[in-house]
Structures are given as C-alpha cells and as structure tokens.
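Taking it in order: structure first as structure tokens, then the write-up.
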Amino acid sequence: GDSVTQMEGPVTLSEEAFLTINCTYTATGYPSLFWYVQYPGEGLQLLLKATKADDKGSNKGFEATYRKETTSFHLEKGSVQVSDSAVYFCALSERSGGSNYKLTFGKGTLLTVNP
Amino acid sequence: DTGVSQDPRHKITKRGQNVTFRCDPISEHNRLYWYRQTLGQGPEFLTYFQNEAQLEKSRLLSDRFSAERPKGSFSTLEIQRTEQGDSAMYLCASSLALTSGGANEQFFGPGTRLTVL
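Going down the list, the sequences are from chains A and B.
Residues in the first sequence are numbered consecutively from 1, following this note's numbering.
Residues in the second sequence are numbered consecutively from 1001, following this note's numbering.
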C-alpha cells in the first residue's frame, strides 16, 4: 500500500537558518503530493502541493519539488522565522477506487525556530 | 467562519460509553473524510463520503464505529462501547470534486479530542 516516510524530528534551528525536511513516498500509481502544517493549537493547513513529476509547489517561502525518479518531495526554506515553528506533515493522495482521494500522511516533523 | 467545523472540541468519556461527533464541512464541498490522529503520528484515513454515500471504510474502522452523512451536508461519527485505545484526535476534512477528476485540496477542521478513561 501507499506510504510516506519523513525525517524524524524534532528539528531545532536558529532564525534565518536553512531548512530541509526530507520526505519519500511509496505509491502504486502517480500520486499528488502535499505538505501540510499544523501550528500550535490549530488545525491542519495545506502549505503547498504538486500534482505531477517535476512540479514545484511553493508558498510562504517554502518549496518542494516532485521527484519521481527518487520518489521524494523534500520541503525547503531558505531562511526560517520563529513563526514557522510548527509540525509539518508530508502526504500523498492517490485514487483509491472510484472517487476517493484519501490522504496518506507521514508521522510529522516538529520544527522549533529560536530567535 | 466558512471553514470546516467540528463539535465538540473535546470529549472525555468512560470506557464502555457511546460518543458521537459532528462535522460541518464547507458548504459547497461534496467530499467528506474522517481521519484519526494519535500522539506522534500523522492522521490515518477512516472513511469517505461523496455526497450522502459512504464509499470507502478503512480496516481501522471496527464494527463499533459508524459514520453517516444523511443529507450530504454535515456528518456524524459514532463510537459505541468506547475503549481506551479509541483515545485520539478525530479530524474531519472536506473537498470539492474537480470536474476534470483528480485530487483537490482537503480542508481540515480543528478536530475532536477524545479521551477514554
């Protein structure tokens, strides 16, 4: 079945540091790939997505490129801020019969950014 | 607020009791999903509705769990004879089917945190 493996945390960085959170996936077909973020006390929010190979998703300074050859979708940001402190989830969506596009999530990576 | 809402936000119950959670999706969304999230894990899929039809259930959804979406709008998730292992965050998400088919963004509610004593 489908699965997502992401870098274990927690990750602690200083403000303005470079961020990479690794994510690899296993899927039977051609999934869409997502990064969701969960800020303290809030629900899951979509951060960015990519729907086909070589697509780059970007939002709020974060980027991730859909790499089919390495089955990866690593999240990067050039200069993190304290406000980026959150849990980040990598996820994939693949049609599971009919119209079901359920999400399969990784375990999440807790990021803490210190001033 | 036009986002996904869930009620209650927190529920504490004793083992063996029944509980019911409600999810109100974004009004025009025809797809609705339930997920369960335990501490330190990502959300896991439980069940999926397209309009009022429940089209898929995970093996995680034992016979004690039942979900409905009677008019294709709000949905309820009921757990009968709760067990301590049911303690988790229950998340609801909704999305709008694309006319071209394919995945679309799922919008998540804040979740209902269930604690079974």
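For every residue, glycine included, the Cβ atom is placed at its ideal position computed from N, Cα and C.
In the DSSP assignment, the beta strand (DSSP E) including Lys1071(B) goes from what residue to what residue? Element bounds for Lys1071(B): n/a, residue is neither H nor E.
Presumed contact (8 Å Cβ cut-off) between Lys1085(B) and Cys1023(B), rounded CB distance: Reading the sequence as shown, one finds Gly at residue 1085(B) and not Lys. With 8 Å as the limit, Gly1085(B) and Cys1023(B) do not qualify as a contact, their Cβ atoms being about 22 Å apart.
Could you name each continuous alpha helix (DSSP H) segment of 4 residues or more that falls completely within the segment 18-63 of chain A, going from the start of the chain to the end? Fully enclosed alpha helix (DSSP H) runs of 4 or longer: not present.
As a quick exercise: from Lys102(A), Leu111(A), Ala64(A), pick the residue whose alpha carbon is nearest that of Ser83(A). Closest option to Ser83(A), Cα to Cα, is Leu111(A).
CB contact check: Gly1072(B) to chain A, cutoff 8 Å: Judged by the 8 Å Cβ criterion, Gly1072(B) is not in contact with chain A.
Whole-Å CB distance - Ala1093(B) paired with Gln1106(B), under 8 Å assumed: The C-beta separation of Ala1093(B) from Gln1106(B) comes to about 4 Å, placing the pair in contact by the 8 Å criterion.
For the 8 Å Cβ check, are there 3 or more pairs between the segment 58-67 of chain A and the segment 100-110 of chain A? No: the two stretches stay apart, fewer than three of their Cβ pairs being nearer than 8 Å.
What residues are listed by DSSP as bridge partners for Phe1021(B)? DSSP output for Phe1021(B) lists Leu1077(B) as bridge partner(s).
Nearest neighbour of Lys68(A), chosen from Ser79(A), Lys77(A), Ala53(A), Leu75(A) [CA to CA]: The shortest C-alpha separation from Lys68(A) is found at Ala53(A).
Thinking C-beta only, is Leu33(A) closer than 8 Å to Leu75(A)? In this structure, the beta-carbon distance from Leu75(A) to Leu33(A) does not fall below 8 Å.
CB Thr1076(B) to CB Pro1008(B), shorter than 8 Å? The beta carbons of Thr1076(B) and Pro1008(B) sit no closer together than 8 Å.
Minimum Cβ-Cβ distance from Tyr1048(B) to chain A less than 8 Å: For Tyr1048(B), at least one C-beta of chain A is nearer than 8 Å to its own C-beta.
In terms of residues, what are the limits of the beta strand (DSSP E) holding His1010(B)? Start and end: 1010-1013.
List, in order along the chain, the chain A residues whose C-beta lies closer than 8 Å to that of Phe1045(B)? Within chain A, the residues near Phe1045(B) are Lys102, Leu103, Thr104.
Per-residue contacts from Gln1054(B) into chain A (C-beta, under 8 Å): In chain A, no part has a C-beta under 8 Å from the C-beta of Gln1054(B); the shortest such distance is about 11 Å.
Buried versus exposed call for Pro1095(B) [16 or more other C-beta atoms within 10 Å across all chains shown]: As written in the sequence, residue 1095(B) is Ser, which differs from the Pro given in the question. With 16 or more other Cβ atoms within 10 Å, it is buried.
Tell me which same chain residues have a C-beta within less than 7 Å of the C-beta of Ala27(A), skipping the five on either side of it? Here the set comprises Asp2, Leu92, Glu94.
Compare the C-beta of Leu46(A) with all C-beta atoms of chain B and state if any pair is closer than 8 Å. Closer than 8 Å to some Cβ of chain B, the Cβ of Leu46(A) qualifies, so yes.
Other residues of its chain near Ala1097(B): CB distance less than 8 Å, five sequence neighbours each side excluded: Result list for Ala1097(B): Asn1030, Arg1031, Gln1050, Asn1104, in chain order.
Could you round the C-beta distance between Leu1117(B) and Arg1015(B) to whole angstroms and report it? I think they count as a contact, below 8 Å. Here Leu1117(B) really is in contact with Arg1015(B); their C-beta atoms are around 7 Å apart, less than 8 Å.
What's the C-alpha gap between Val80(A) and Met7(A)? One Cα belongs to Val80(A), the other to Met7(A), and the distance between them is close to 17 Å.
Which chain B residues sit within Cβ distance under 7 Å of Gly43(A)? Those are Phe1108, Gly1109, Pro1110, Gly1111, listed as they occur along chain B.
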